[in-house]
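K.L.:
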Amino acid sequence: MIVGSALIPLLSVQLEPSKNFNSISIHSYWNDASPQIMESTITTKIEGLLATVKGITKVSSSSGNGYSNVYANIGKNVKINEVKYEVSALIRQLYPSLPLGISYPAVSANTPFGNKSVLSYSINAGGSSAEIQLFIEKTIQPLLAQIKGISKVTIYGLERSNWKLNYDPALLAKYEISIKDISLAINNYFFKSELGKANVKSSDKSVKETYNYLTLVTNYPDKVSWNKIAIKQWGDRIIFLTDLAKIVYQTSPPKSYHRINGQHTVTMEIVAAKNVNYLVLAKEIKEKINDVRKKIPVEYKITTNYDATDVLKEELDTVIWRSFFALFVLLIFILIISRQIRYFLLILISLVANLLLAFIFYYFFKLEIHLYSLAGITVSLGLIIDNSIVVIDHIRNKKDLRILLAVIGATFTTIGSVCIVFFLSEDQQIRLVDFAWVMIINLSVSLLISLFLVPALLEKFPLRQENFISIVRRKRRIVIWSKFYSHLINYCSRFKKSLILVLILIFGLPIFLLPSRIATNNIWANAYNRTIGTDEYNLKIRPVLNVVLGGLLRLFLERKEHFPYSAVIAGKTKINVAIKMPYGTNLEQINNIVVDFENFLGEFKEIEDFQSRVNNGYASIEISFLREFETGPFPFVLKTQLESMAINTGLAEFVISGVGQGFNNELHKEAANFGIILLGYNYERLLKYAEQVQSLLRENMRIENVTIGSQRDYVGTNSNYEFVFQVDNSDNLLVNYFSSDMINSSLAHFSGNDQYVTNLFVEGKRVPVVASSGQPPASVWKVMNEPVRSDSGSYIRLKEFASIQKQKTPNEILRENQQYQLVVNYDFIGDQALAEVVSMQIMKKMRSVMPIGYSIKQIINNFWSGNEKNLTWAILLTIGIVFIICCVLLNDLLQPLIVISMIPISFIGVFLMAWIFDYHFDEGGYAALIILCGIVVNAALYILNDYNNLRKDYPGKSRKVVFLKSYNSKIIPVLLSMGSMLLSLMPFIFYGEGEAFWYALAMSVTGGLIFSIPAILIFLPLFLIGESKNKMKNKKGFFSVLK
């Protein structure tokens, strides 16, 4: 216990789990490049590299306008850091062969919550951003480097500089020089190559032999002499770079903006490493920053933008307060029921010992203390007290340890149900894995405490025994209750089948999940389609049966809007404004809109700060409020005004969220309710098959709005269009006139944009070199009619050999394991059964013409295609684990079935609570279902354990008498255990309404436990003893219960 207390400050305390998915991602960018270009020039090459790396099990990618994302899943037994290192080395070799202008592909591990910073500062000064950067590098970063636990420090908002070559296109044409020639000449001038290492021998034999690295360097870029860079020899003359262009060193045009309260600022974000205590780390960082503040000049200001520990402390304070309040209520409840201080102290000592011993395991297993693990600690409080109450009560009344088998079984069933977390999908598991480990550790330690510490404490400090009068009164109450309970069992036994039928109907039969038709062609499918798949059944019978037989299960599952399985985001009240403009707009156009909103927000004193992030085509504004205005009406009033401003702007699409009902004025023109997916290894050929499917669909009068995209279109998306340059496929033309470099160079020249040339590295910093003709963007007519120089040296007009067309372009190109994916989305007017018949006919036609390597299938969206499917199998597997454990402990097959029958009865309470109180059934609800699978069987196990022992001790007595004796012996500790669990959740219900995770967890467990009470009182004896032949009509039978 002393060790556990000492390890508390060393535990990793964080806001959210820091574990990574077992996968990596590679991101690269290329301004204004289309999805097809990104896929062919970057994505395909990176995927090819990943195919050579051992340990990678799956590769998928998405290529869009100006970006390429490649994702690689890694095997379970492979270390992710080793794979990252190998992939980074391969990327380093690949990058020089990529086209100019592509950003360096960044390799990172995928995390469910992103790499969130622990602290963020803004640095303002009177000088330039270059001076601020120098100040950060020389003053702040050396101090931060001394702190252990910092993963990285990122600086945003710095002005970048570059060398710009302002060239005359006529001069380049005259000397037959391309931008690629200039790039090659600059790279050769600053050539640098590693030659290896050379051994250095010393005359002193006592000195070990050393070696030096050798590097060949032609020129250093620190002092650039542009007039010495030779480009080409033209006759007797050497053409230098300065003969072709004027070179200037300038500030690069911004590619994005990041402003705080409308002011440009330099932001420094500090990201914590894994398994680090946020509270301790943030305290060290703040001390270093405060030391810097005391020494810097007056014109420098360091302001805290974000502090993750504020939210973490608030969340911790809330959870700890509620947990202590729940614990206080529990202990007071136990004190009132037991009316013994010694009993109260026994429970308190066992609880404290359990938690302190558990902290030792938390530390050595490197568990993180965050929202989910705190939930595990809170929920386990009731279970810890449960074990202690049952053991204390049994030892006090029975004077033996025969209850220990039941305690072990009850604990193992709960642990077994929690272990199901390890069988969930990766994204679900990564959020709940610490929750599961905390529950497992706490319950395991609780078992040891119950087996050894509690009996030892009872032996050393025995509880006060009841006097004779109290015993007589208690037994008299037992006789009265037993008589009533016996009549209740007899009465219910007469209607046993009816009660079971009513129970089944209340729970519900999942017939509403049956598909309208089965799309396969076999005996069973045909039989299904001729019966349940008929139009008469689907249109007339199905709606009635769904309501009559669906029960609470149907009401629960049909409200899919209440199943937001996503990461829990804890924090202050904020309003988020997302702004999106059409494809093709530039950065300044969207920035002007953001500036208008910033000017509007700057007038409100109730706002603490607002942060703007502006990118090409997309921007966001995050608004935070002063604490005194967070819970008042002001956020709602401001949101209404922002909505009015968005409507009046009319230049972009807005999504405003954070408080109240979300606002969205996006115009989704091409929403569809059905989709057919095609997979294949050649994109162009796959696109032709998709167009054939599109044509077949359009022939049906019930189908409209048929579009081809990269994925299923659930809400509708706006189409992007681009001008496609198509060259004649003649081999002669391609050899003599065209090449990809010539086409790219010509089109870049006509675009008016800066052309990337190369990079120079000065003092370890990358300085880009770009070229510009200084001409405005050309019109389509000019592109096709102005003479351009071909590879053969002659001048041609592009219209003579090529055409240009405006075409719809896919937003993304998706691939998985080298297979391209296209989806034909469409609207079908009619019922789902008829739509499936039409889609099956079309797929049958397409399969007859599609070769091997290409496939087509319908996208099915129902209960069995989402997270609910994983949850259903997880619950069924949990019930199976509980059944196996009960079979081993009870040495029987029938009694375990009776035990697990308590689980669906408790689920009725969960369904009813979710339907009545209309709360979001998020991760907390899923965790509650898994927990209930374990804890609701505990009461049945305690009673059954006593029942089996009494059957051995009194073989001549009827099953009902034995059951009543076991029931009377264990019902009080069972009800105390359930009451303790319910009381531990009350603070989260009364004070946490609407909160993510906690509220759903508390409400669901409460509903399940409440409905487990009638399950124990009524259905357990019905299933166990049924209708007894011995009606126990005389008092002798009742008094035999007390023996």
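Heads up: the sequence shown begins at 3 in the numbering used here, then just goes up one per residue.
Even glycine gets a Cβ: it sits at the ideal position worked out from N, Cα and C.
Keep in mind that this is a model prediction, so the values were computed, not measured.
1) Thinking just about the alpha-carbon of each residue, which of Leu-347, Phe-346, Tyr-345 and Leu-376 is nearest to the one in Ala-360?
2) Would you report the Cα separation of Leu-281 and Ser-119, rounded to the nearest angstrom?
3) Can you name, in chain order, every residue of its own chain whose Cβ lies under 6 Å from the Cβ of Lys-1035, other than the five neighbours on each side?
4) Rounded to whole angstroms, what's the CA-CA distance from Ile-480 to Ile-973? Just pull it up for me.
5) Entirely within the region 471–497 and at least 3 residues each: give me those beta strand (DSSP E) ranges in chain order.
6) I need the boundaries of the alpha helix (DSSP H) containing Lys-972, first residue and last residue.
7) Decide yes or no for the touch test of the region 421–433 against the region 18–28: beta carbon pairs closer than 8 Å, at least 3 of them.
8) Is the region 907–924 close to the region 355–373, with three or more CB pairs under 8 Å?
9) Count the other CB atoms, across all protein chains shown, that sit within 10 Å of the CB of Asn-389; report buried if there are 16 or more and exposed otherwise.
10) Can you grab the Cα-Cα spacing for the pair Phe-909 / Asp-537, in whole Å?
11) Ends of the beta strand (DSSP E) at Thr-305?
12) Cutting at 7 Å between CB atoms, please list the residues of its own chain near Leu-985, excluding the five before and the five after it.
13) Tell me the rounded alpha-carbon separation between Ala-569 and Ile-798.
14) Would you kindly report the start and end of the unbroken beta strand (DSSP E) that includes His-29?
15) Only counting runs of 3 or more residues, tell me where the beta strand (DSSP E) segments fall wholly within the region 583–617, in order along the chain.
16) Would you check if the distance between the CB atom of Gln-696 and the CB atom of Ile-710 is smaller than 8 Å?
17) Is the CB-CB distance between Phe-830 and Phe-631 below 8 Å?
18) How would you label Gln-252, buried or exposed, when you count the other beta carbons within 10 angstroms and need 16 or more for buried?
19) Taking 8 Å as the threshold (C-beta atoms), are His-372 and Asp-436 in contact?
20) List, from N- to C-terminal side, the alpha helix (DSSP H) runs of 4 residues or more that fit wholly inside the region 361–407.
21) So what does DSSP say about Arg-714, is it helix, strand or coil?
22) Considering only C-alpha positions, which residue in the set Met-441, Phe-803, Thr-113 and Val-456 is nearest to Thr-421?
23) I'd like to know whether the C-beta atoms of Leu-325 and Leu-383 end up nearer to each other than 8 Å.
24) I need the DSSP call for Thr-46, collapsed to helix, strand or coil.
25) Between the region 70–83 and the region 847–858, do three or more beta carbon pairs fall short of 8 Å?
26) In this structure, what does DSSP give as the bridge partners for His-2?
27) Which complete beta strand (DSSP E) runs does the region 157–211 hold, if anything under 3 residues is left out?
28) May I ask which residues mark the beginning and end of the beta strand (DSSP E) holding Ala-654?
29) For Gly-411, collect the residues of the same chain with a Cβ closer than 6 Å to its Cβ; drop the 5 residues on either side in sequence, then sort them by chain order.
30) Under DSSP, the alpha helix (DSSP H) around Phe-558 begins and ends at which residues?
31) If you reduce the DSSP assignment to three classes, tell me which class Ser-20 lands in.
32) Can you find the residues in the same chain that come closer than 8 Å, C-beta to C-beta, to Met-3, ignoring five residues on each side of it along the sequence?
33) Please go through the region 859–927 and give each complete beta strand (DSSP E) segment of 3 or more residues, from N-terminal end onward.
34) By the three-class DSSP mapping on this structure, what secondary structure does Tyr-73 have?
35) Based on the DSSP secondary-structure assignment, which residues constitute the bridge partners of Leu-680?
36) Count the other CB atoms, across all protein chains shown, that sit within 10 Å of the CB of Ala-8; report buried if there are 16 or more and exposed otherwise.
P.N.:
In short:
1) By one-based count along the sequence shown, residue 360 stands at place 358. For Ala-360, the closest of Leu-347, Phe-346, Tyr-345 and Leu-376 by C-alpha to C-alpha distance is Leu-376.
2) Residue mapping note: residue 281 aligns to position 279 of the sequence shown, counting from 1. Residue mapping note: residue 119 aligns to position 117 of the sequence shown, counting from 1. About 13 Å.
3) Taking the first residue of the sequence shown as 1, we reach residue 1035 at position 1033. The predicted position of Lys-1035 is uncertain, since its pLDDT is 41 and thus under 50; a value taken from the coordinates is nonetheless stated next. Once the five neighbours on either side are set aside, Lys-1035 has no close Cβ partner at all.
4) Along the sequence shown, one-based indexing puts residue 480 at 478. Along the sequence shown, one-based indexing puts residue 973 at 971. About 11 Å.
5) none
6) If you number the sequence shown from 1, residue 972 lands on position 970. Taken as a continuous stretch (DSSP letters only), the alpha helix (DSSP H) holding Lys-972 covers 961–992.
7) yes
8) no
9) Here residue 389 refers to the residue found at position 387 when the sequence shown is read from its first residue. Looking at its Cβ environment, which holds 16 or more other Cβ atoms inside 10 Å, Asn-389 is buried.
10) Stepping through the sequence shown from its first residue, residue 909 is reached at position 907. Stepping through the sequence shown from its first residue, residue 537 is reached at position 535. Across the structure, Phe-909 and Asp-537 are spaced so that their CA atoms are roughly 33 Å apart.
11) Translated into the one-based positions of the sequence shown, residue 305 becomes position 303. Its beta strand (DSSP E) spans residues 303–309.
12) Start at 1 with the first residue of the sequence shown, and residue 985 comes out as number 983. Contacts found: Ala-328, Val-331, Leu-332 and Phe-335.
13) Along the sequence shown, read from residue 1 onward, the residue named residue 569 stands at position 567. Along the sequence shown, read from residue 1 onward, the residue named residue 798 stands at position 796. Confidence at Ala-569 is low in this model, with a pLDDT of 45, below 50, so its placement is unreliable and the value that follows should be read with caution. So the two alpha carbons sit approximately 58 Å from each other.
14) Taking the first residue of the sequence shown as 1, we reach residue 29 at position 27. From DSSP, the beta strand (DSSP E) with His-29 extends over 25–31.
15) If we require 3 residues or more, the beta strand (DSSP E) runs fully inside the region 583–617 come out as 609–617.
16) Taking the first residue of the sequence shown as 1, we reach residue 696 at position 694. Taking the first residue of the sequence shown as 1, we reach residue 710 at position 708. In contact: Gln-696 and Ile-710 (Cβ atoms closer than 8 Å).
17) Residue mapping note: residue 830 aligns to position 828 of the sequence shown, counting from 1. Residue mapping note: residue 631 aligns to position 629 of the sequence shown, counting from 1. No. Outside cutoff.
18) Stepping through the sequence shown from its first residue, residue 252 is reached at position 250. Gln-252 should be labelled exposed.
19) In the sequence shown, residue 436 corresponds to position 434, counting from 1. In the sequence shown, residue 372 corresponds to position 370, counting from 1. The answer is yes: Cβ separation under 8 Å.
20) 373–400
21) What you label residue 714 is simply residue 712 of the sequence shown in a count that begins at 1. DSSP places Arg-714 in coil when its eight states are reduced to three.
22) Reading the sequence shown from its first residue, position 419 is the one you call residue 421. At residue 421 the sequence reads Cys, which differs from the Thr that was named. Residue Met-441 is the option with its Cα nearest to Cys-421.
23) The residue you call residue 325 lines up with position 323 of the sequence shown. The residue you call residue 383 lines up with position 381 of the sequence shown. Residue identity check: residue 325 is Ser in the sequence provided, not Leu. Cβ atoms of Ser-325 and Leu-383: closer than 8 Å.
24) To locate residue 46, count along the sequence shown from 1; it is residue 44. It is helical.
25) no
26) Because the chain spans 3 through 1045 in this model, residue 2 falls outside it and cannot be assessed.
27) For the region 157–211, whole beta strand (DSSP E) runs of length 3 or above, ordered along the chain, are 163–169 and 194–202.
28) Along the sequence shown, read from residue 1 onward, the residue named residue 654 stands at position 652. According to the DSSP assignment, Ala-654 belongs to no beta strand (DSSP E), since it is labelled neither H nor E.
29) As a first step, residue 411 must be located in the sequence shown, where it is residue number 409. Excluding positions up to five away in sequence, the list reads Leu-891 and Leu-943.
30) Working through the sequence shown from its first residue, we reach residue 558 at position 556. Start and end: 544–559.
31) In the sequence shown, the residue the question calls residue 20 occupies position 18. Three-state result, Ser-20: coil.
32) Start at 1 with the first residue of the sequence shown, and residue 3 comes out as number 1. Around Met-3: Val-354, Ala-355, Leu-358 and Leu-359.
33) none
34) Residue 73 sits at position 71 when you count from the first residue of the sequence shown. In this structure, Tyr-73 counts as strand in the three-state DSSP scheme.
35) Within the sequence shown, numbered from 1, the residue matching residue 680 stands at position 678. DSSP output for Leu-680 lists Leu-824 and Ile-858 as bridge partner(s).
36) Here residue 8 corresponds to residue number 6 of the sequence shown, with the count starting at 1. Flag for Ala-8 reads exposed.
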